[in-house]
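Notes to accompany the following structure.
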Amino acid sequence: MSELLLCYNSGCGQKFDPSKNTAESCRHHSGHPVFHDAYKGWSCCKKKCTDFTEFLNIKGCTLSFHNNVKPPEPEKPVVDKSLADEVIEVKAPVPIVNRIKRPPFETPLVVLKPVISPALRDAISNLSGCTKDSETNDEDKENSKNIPIGTTCKNNSCKAVYEGIQSVNETCTHHPGYPVFHEGLKFWTCCTKRTTDFETFLAQVGCTSGTHTWFKKKVVDVGNSSVSMTPSKIEIKLRKQGPGTWTKLDIPRSELIDSKPNPLPEDEEEDLESRVESVDLNFI
Numbered sequence: 284m285s286e287l288l289l290c291y292n293s294g295c296g297q298k299f300d301p302s303k304n305t306a307e308s309c310r311h312h313s314g315h316p317v318f319h320d321a322y323k324g325w326s327c328c329k330k331k332c333t334d335f336t337e338f339l340n341i342k343g344c345t346l347s348f349h350n351n352v353k354p355p356e357p358e359k360p361v362v363d364k365s366l367a368d369e370v371i372e373v374k375a376p377v378p379i380v381n382r383i384k385r386p387p388f389e390t391p392l393v394v395l396k397p398v399i400s401p402a403l404r405d406a407i408s409n410l411s412g413c414t415k416d417s418e419t420n421d422e423d424k425e426n427s428k429n430i431p432i433g434t435t436c437k438n439n440s441c442k443a444v445y446e447g448i449q450s451v452n453e454t455c456t457h458h459p460g461y462p463v464f465h466e467g468l469k470f471w472t473c474c475t476k477r478t479t480d481f482e483t484f485l486a487q488v489g490c491t492s493g494t495h496t497w498f499k500k501k502v503v504d505v506g507n508s509s510v511s512m513t514p515s516k517i518e519i520k521l522r523k524q525g526p527g528t529w530t531k532l533d534i535p536r537s538e539l540i541d542s543k544p545n546p547l548p549e550d551e552e553e554d555l556e557s558r559v560e561s562v563d564l565n566f567i
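For the sequence shown, our numbering gives the first residue as 284, with consecutive numbering after it.
The structure is reproduced here in structure tokens:
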């Protein structure tokens with residue numbers, strides 16, 4: 284009797300007699316094992332299961348000769364020792380933000396088309412003896428165009444507060460990037476300092492020096508904005524062209540300087556009259 288050999292075909296694992304090895308002696312799986320979404324199976328047949336013991340007991344789908352040749356072990360990846368101290372830095376993808384430039388103040392104004400509700404139309408038609416109030420336009424105060432005392436800087440991580448004209452010349456230390464929260468880490472895209480504590484993240488000192496930003500300009504999509512009128516209110520819808528939130532709807536304008544010529548002093552006027560010759564135009 285010849286020595287029994289071990290079959291290395293997938294799903295077989297039996298010992299066989301080489302003298303009795305035929306084309307239908309071994310029932311095995313010709314494919315490879317597949318593990319996906321908690322399911323276990325073979326690539327050569329469609330039967331799947333979730334229990335590992337049941338997976339091992341799945342009968343083979345192919346008949347062939349027994350094979351006593353042990354398959355080669357997978358090669359282990361070669362580790363480069365020179366890269367052992369290399370720090371792998373994972374960065375979140377930079378979001379694509381289209382910054383839309385605000386139109387200049389000299390751009391012609393667009394009249395929004397109002398949408399009047401039927402209830403308001405009925406209320407107006409039923410009114411009798413209504414008196415029109417005179418419209419009063421208050422002039423803008425000079426101090427409304429200035430920065431209010433106590434206004435905070437809008438740059439990231441800058442906690443400066445406007446206390447007067449001297450605050451304009453102060454250096455602003457801030458983060459020009461945006462915050463990233465990834466796998467428990469919190470950091471700014473403009474610097475490499477990272478932390479896991481949120482309070483420490485908020486207290487990080489800025490990495491760039493510049494000027495304070497007391498107001499952030501926003502852009503309105505005039506074409507998609509509208510005005511709705513109802514008996515109890517007037518609703519104005521302003522569509523934003525760019526991403527972000529608005530904290531204010533007013534933007535301070537610089538005061539226009541009247542370009543009228545300065546009047547001449549009285550002494551210079553008399554001197555000028557003395558130097559101008561009089562011309563008699565009666566003969567014309």
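A virtual CB, placed ideally from N, CA and C, is assigned to each residue, including glycine.
- Taken through DSSP and simplified to helix, strand or coil, Ile448 comes out as helix.
- In this structure Thr491 does not touch Ser400 by the C-beta definition: roughly 50 Å separates them, more than the 8 Å allowed.
- DSSP links Glu518 through a beta bridge to Ser511.
- The continuous stretches of alpha helix (DSSP H) do not include Arg310, which lies in the beta strand (DSSP E) extending over residues Cys309 to His311.
- Rounded to the nearest angstrom, the gap between the Cα atoms of Phe481 and Lys469 is 7 Å.
- The Cβ-Cβ distance between Ser508 and Arg522 falls below 8 Å.
- Considered as a whole, the region 459–499 harbours 481–485 as its complete alpha helix (DSSP H) runs of no fewer than 4 residues, in chain order.
- For Phe318, the pairing in a beta bridge is given by DSSP as Lys323.
- The three-state reading of DSSP puts Pro386 in coil, since its state is none of H, G, I, E or B.
- In the structure shown, Thr454 adopts coil according to DSSP, grouped into three states.
- Ser347 and Cys295 have their alpha carbons spaced roughly 11 Å apart.
- Secondary structure of Ser408 (DSSP, three-state): helix.
- The Cβ atoms of Cys344 and Cys332 do not sit closer than 8 Å to each other.
- Residue pairing for Ile399: DSSP places it in a beta bridge opposite Met512.
- In terms of CA proximity to Pro459, Thr496 leads the group Glu446, Thr390 and Thr496.
- Between His465 and Phe318, the alpha-carbon positions lie close to 28 Å from each other.
- Leu287 sits in coil when the DSSP states are folded into three classes, being neither helix nor strand.
- Within the model, the alpha-carbon separation for Glu372 versus Arg385 is close to 37 Å.
- For Leu339, the enclosing alpha helix (DSSP H) has its first and last residue at Phe335 to Leu339.
- Below 8 Å, enough C-beta pairs join the region 348–359 and the region 293–307 to call them touching: three or more.
- Residue pairing by DSSP puts Asn439 in a beta bridge opposite His458.
- At a Cβ-Cβ threshold of 8 Å, Cys441 and Thr494 do not count as neighbours.
- Secondary structure note for Thr345: its beta strand (DSSP E) is the uninterrupted segment Thr345 to Ser347.
- When the five nearest sequence neighbours on each side are left out, the beta carbons in the same chain lying within less than 7 Å of the beta carbon of Lys476 are those of Phe470 and Gln487, in order along the chain.
- Take Asn439, set aside five residues on each side of it, and the residues of its chain with a beta-carbon closer than 6 Å to its own are His457 and His458, in chain order.
- Burial state of His315 is exposed, judged by a 10 Å Cβ sphere holding fewer than 16 other Cβ atoms.
- Cβ neighbours of Ala375 within its own chain (closer than 7 Å, five residues either side excluded): Val463 and His465.
- Your pair Ile341 and Lys359 does not check out as a contact, with CB atoms roughly 29 Å apart and the cut at 8 Å.
- Just measuring C-alpha positions, the residue of Phe498, Thr336, Ile519 and Tyr461 sitting nearest Leu485 is Tyr461.
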